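Undergrad: Each protein sequence line maps, in turn, to chains V and A.
To convert, note that position 106 of the first sequence is 106 in the working numbering; the numbers rise steadily by one, no gaps.
To convert, note that position 242 of the second sequence is 242 in the working numbering; the numbers rise steadily by one, no gaps.
Quick one: the structure is below, questions incoming.
2 protein chains.
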Amino acid sequence: MSASLPATITLAHGGGGRQMHQLLEQIILPVFSNPWLEARHDAAVLELPAGRLAFTTDSYVVRPLEFPGGDIGSLAVYGTVNDLAMCGARPQYLSCGLILEEGLPLATLVRLVQSMQTAAQRAGVQLVTGDTKVVEQGQGDGLYINTAGVGLINHALDIAPARVRPGDVVLVNGDLGRHGMAVMTVREGLNFETPIESDAAPLADLVLALIAAGIEVHCLRDLTRGGLASALVEIAETAQVHIRLDEKALPLHPTVRAACELLGLDPLHVACEGRFVALVPADQARPALELMRTHPLGAQAVLVGQVSPAETALLTLTTPIGTSRRLERASGEQLPRIC
Amino acid sequence: MSASLPATITLAHGGGGRQMHQLLEQIILPVFSNPWLEARHDAAVLELPAGRLAFTTDSYVVRPLEFPGGDIGSLAVYGTVNDLAMCGARPQYLSCGLILEEGLPLATLVRLVQSMQTAAQRAGVQLVTGDTKVVEQGQGDGLYINTAGVGLINHALDIAPARVRPGDVVLVNGDLGRHGMAVMTVREGLNFETPIESDAAPLADLVLALIAAGIEVHCLRDLTRGGLASALVEIAETAQVHIRLDEKALPLHPTVRAACELLGLDPLHVACEGRFVALVPADQARPALELMRTHPLGAQAVLVGQVSPAETALLTLTTPIGTSRRLERASGEQLPRIC
């Protein structure tokens, strides 16, 4: 089949016929080449040991498709493997559902699926099954990606929001808000001397190192949409505790702080894609932080908060002058289509 | 949290903050209520026995969202569980990624997620993890759904296109093309005395009954986008065989035939969502068909073709007068957004 492909995506590429076959065989499948995809089956058949499995999904609609430090392809890999890692699972397999808009340049698609594959290799996962749909111009926005992921849980810990206890502390692996501000500054046309780069990165290695070292991890959460504040409000409500954040401990890059001020955004509500909180018993904070700091993705790990009992679940921020204010979930209007 | 929801979806419902939390807690999660979703975790933790697992995904962009015999919600369940069934797996768990368009009436969303849950119950699967995104008006089309699925393979058969052999026969479980024509007749405003209803249905029970009865199933494929012809061309190419279809054996509802003629479509290229082919050794055709006919979804099961050796892989149709013509994959332009 040597017929040439047009320079842009057409509706026919989603119709299940010749043109879709060509797109898959010539463009998409060669990038991800592996035995599961080569079977040309309706599903991938995986051999797995008995035990616990983590299963998750996210759709990605970030605008623009490419931004400093990443693109929708790498984001669709890291976002989903990180959700698996937050259960303490080792990510293994991904699915990939593409919704292409008619008119998408083929060159853009090629670049983005290659970025997915590079990210998958970095994260140690195989993309084993997929699907491609096409919608008319004006019914999509270039490309939306869904990935679902499967990972193996090889330890006995029960890592979940409900496991958080008074006496736990909140550790974070690095500075906040870089992904969201990388996207927003591009979208808003803001120029900084050094552009803000997304922090998007695969977190499983770092998380699994904590677990392997015997740290009694109670809860993990990556700080995506809604940022640190929304993640911790959710955890406080599920565990029915009071979480206190220490404002002066929160790591923020000066450019991110400046960009947030310019756009009127609270950096605690801005998404990261390579940052997580670990809630661990206070007496394990030191070994946990020491270990995290040996990993490139945890070099700036710090303790940012503490958990105490509460009659009403809440999250508060203690300012440098010692006053305290309540933090709420983000307002959803401020940062649309950030991931 | 008793704040009321607006009547339509807004961008804020995808922002990861308060409004998204309300949408999930008040509208979506109560419909699918189960322990995995109640954990409010980043991923679902599943307990599975050792062995083979099937994993698959599909995105659904069907237009219109509702059509005779189904809607995008039930389709997103049946389509994915059927892909698992085509590996001989028992579907167990689904993920659900929603991409909502700003302005979607909340009432429509409620109806469609309830339809998903009804379909999931019928198919015997739990929807255990999900994600919701919102895109601006004019960047979507109401609602796109991605589902990924996980199923267990509890038998030793290797069911795959490459296993098809000369001497196999092709069985189909019912009449062809009803799903595609149900969608197309609504979209084109065609009126028939009896409207064509989609055949969308979950196929795992029927497939697993064949396997449990000891039928040596070589390959299974559901007849979605591209229809019977595209599915069999793909199988013929993978197995390097000649598949001959017998035109007079092909089951077609008269209204589907009439609608196809009106719209200039070949029914062999029209999608089904509750039909599959089973390729089995010829000597097992009779017990397989007898068994299929005892099941409501196989009542009209018939033998429609035979597999013979080939120098060049191909699919041909033998007409009632004994002539033969080659069948190709569908042209993708004809039936856009059918699933």
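Where a beta carbon is used, it is the ideal one built from N, C-alpha and C, also for glycine.
On a predicted model such as this, the values are computed, not experimentally measured, just so you know.
Return the first residue and the last residue of the alpha helix (DSSP H) that A:Val-207 is part of.
TA: Element bounds for A:Val-207: 204-212.
Undergrad: Quick check on the DSSP output: the beta strand (DSSP E) that includes A:Gln-306 runs from which residue to which?
TA: A:Gln-306 -> beta strand (DSSP E) spans 302-309.
Undergrad: With V:His-218 as the anchor, note down where its alpha helix (DSSP H) starts and where it stops.
TA: Where V:His-218 is concerned, there is no enclosing alpha helix (DSSP H), given that its DSSP letter is neither H nor E.
Undergrad: When you compare only the Cα positions, how much space is there between V:Val-31 and V:Gln-117?
TA: Each residue's alpha carbon lies about 7 Å from the other.
Undergrad: If we cut at 7 Å on Cβ distances, does V:Leu-11 have a partner in chain A?
TA: Answer yes: the Cβ-Cβ gap between V:Leu-11 and chain A drops below 7 Å somewhere.
Undergrad: Mark A:Leu-53 as exposed unless 16 or more other C-beta atoms lie within 10 angstroms of its C-beta, in which case mark it buried.
TA: That one is buried.
Undergrad: For A:Phe-55, which residues in chain V fall below 7 Å Cβ to Cβ?
TA: Result: Ala-43, Ala-44, Leu-46, Tyr-93, Ser-95, Val-128, Thr-129, Val-150.
Undergrad: To the nearest whole angstrom, what separates the beta carbons of V:Val-307 and V:Leu-279, a pair I think is in contact under 8 Å?
TA: Confirmed, about 7 Å.
Undergrad: Assign A:Gln-92 to one of three DSSP states: helix, strand, or coil.
TA: Strand, per DSSP.
Undergrad: What in chain V is Cβ-close to A:Asp-58, meaning under 7 Å?
TA: Residues of chain V passing the Cβ test: Gly-97, Asp-131.
Undergrad: Helix or strand or just coil, what does DSSP make of A:Leu-53?
TA: It is a strand residue.
Undergrad: Below 8 Å on the Cβ atoms is my guess for V:Leu-220 versus V:Val-207; work out the distance and round it to an integer in Å.
TA: Yes, V:Leu-220 and V:Val-207 are in contact; Cβ-Cβ is about 6 Å, under 8 Å.
Undergrad: Using a Cβ-Cβ cut-off of 7 Å, state whether A:Pro-161 counts as contacting chain V.
TA: It does; some Cβ of chain V falls within 7 Å.
Undergrad: Below 8 Å on the Cβ atoms is my guess for V:Asp-131 versus A:Asp-58; work out the distance and round it to an integer in Å.
TA: Between A:Asp-58 and V:Asp-131 the Cβ distance is about 5 Å, and since that is below 8 Å, they are a contact.
Undergrad: When DSSP labels each residue in this structure, what does V:Ser-115 get in the three-state scheme?
TA: The answer is helix: DSSP assigns V:Ser-115 an H, G or I state.
Undergrad: Shorter than 7 Å from the beta carbon of V:Ser-2 to some beta carbon of chain A?
TA: Interpretation of V:Ser-2 is limited by its pLDDT of 45, a score under 50 that renders its predicted location unreliable; the figure taken from the coordinates is listed afterwards. Chain A contact via Cβ: absent.
Undergrad: For V:Gln-117, decide whether its Cβ has a neighbour in chain A, counting only Cβ atoms nearer than 7 Å.
TA: No, V:Gln-117 does not count as interfacial toward chain A.
Undergrad: Count the other CB atoms, across all protein chains shown, that sit within 10 Å of the CB of V:Lys-340; report buried if there are 16 or more and exposed otherwise.
TA: No answer is possible for residue 340 of chain V: it lies beyond the span of chain V, which begins at 1 and ends at 339.
Undergrad: Taking only the alpha-carbon atoms, compute the straight-line gap between A:Leu-109 and A:Gly-70 and give it to the nearest angstrom.
TA: Taking the straight line from one Cα to the other gives about 15 Å.
Undergrad: Applying the criterion that 16 or more other CB atoms from any shown protein chain within 10 Å of the CB defines a buried residue, is A:Asp-283 buried or exposed?
TA: By the neighbour-count rule (16 or more Cβ atoms within 10 Å), A:Asp-283 is not buried but exposed.
Undergrad: Does any C-beta atom of chain A lie closer than 7 Å to the C-beta of V:Gly-16?
TA: Closer than 7 Å: yes.
Undergrad: Can you list, in chain order, the residues of the stretch 136-147 of chain V whose Cβ is nearer than 7 Å to any Cβ on chain A?
TA: Under the 7 Å Cβ criterion, the stretch 136-147 of chain V contributes Gly-138, Gln-139, Gly-140, Asp-141, Tyr-144, Asn-146.
Undergrad: What does A:Thr-238 touch in chain V if you count any residue whose Cβ is under 8 Å from its own?
TA: Going along chain V in sequence order, the residues near A:Thr-238 (Cβ under 8 Å) are Arg-40.
Undergrad: Rounded to the nearest angstrom, what separates A:Arg-187 and V:Val-169 at their Cα positions?
TA: Distance between the alpha carbons of A:Arg-187 and V:Val-169: 57 Å.
Undergrad: Could you say if the stretch 20-36 of chain A and the stretch 238-247 of chain V meet the contact criterion of at least three C-beta pairs nearer than 8 Å?
TA: Cβ pair count under 8 Å is below three, so no.
Undergrad: Does the pairing of the stretch 75-89 of chain V with the stretch 41-52 of chain A give three or more beta-carbon distances under 8 Å?
TA: Verdict: yes, contact present.
Undergrad: What residue does the beta strand (DSSP E) around A:Ile-27 start on, and which one ends it?
TA: It is not in any beta strand (DSSP E) - A:Ile-27 carries neither H nor E in the DSSP assignment.
Undergrad: Note down the Cα distance separating V:Pro-195 from V:Ala-182, rounded to an integer number of angstroms.
TA: Those two C-alpha atoms are separated by around 8 Å.
Undergrad: So which of A:Pro-202, A:Val-217, A:Gln-334 has the shortest CA-CA distance to A:Ala-285?
TA: The option with the nearest alpha carbon to A:Ala-285 is A:Val-217.
Undergrad: Could I get the ranges of all uninterrupted alpha helix (DSSP H) runs contained in the stretch 94-174 of chain V, with 4 residues as the minimum, in chain order?
TA: The stretch 94-174 of chain V contains these whole alpha helix (DSSP H) runs: 106-123.
Undergrad: Any Cβ of chain A within less than 7 Å of the Cβ of V:His-179?
TA: Not an interface residue.
Undergrad: By the DSSP assignment, the alpha helix (DSSP H) with V:Ser-324 in it spans what residues?
TA: Premise fails: V:Ser-324 lies in the beta strand (DSSP E), 324-327, not in any alpha helix (DSSP H).
Undergrad: Keeping to the same chain, check which residues put their C-beta closer than 6 Å to that of A:Val-233; ignore five residues upstream and five downstream.
TA: Around A:Val-233: Leu-315, Arg-329.
Undergrad: Kindly indicate the opening and closing residues of the beta strand (DSSP E) around V:Pro-287.
TA: Not the beta strand (DSSP E): V:Pro-287 falls in the alpha helix (DSSP H), residues 285-293.
Undergrad: Taking the alpha-carbon positions, what's the V:Thr-319 to V:Leu-263 distance?
TA: So the alpha carbons of these two residues sit roughly 22 Å apart.
Undergrad: How big is the Cα-Cα spacing for V:Ser-2 and A:Gly-226?
TA: Interpretation of V:Ser-2 is limited by its pLDDT of 45, a score under 50 that renders its predicted location unreliable; no figure is taken from the coordinates.
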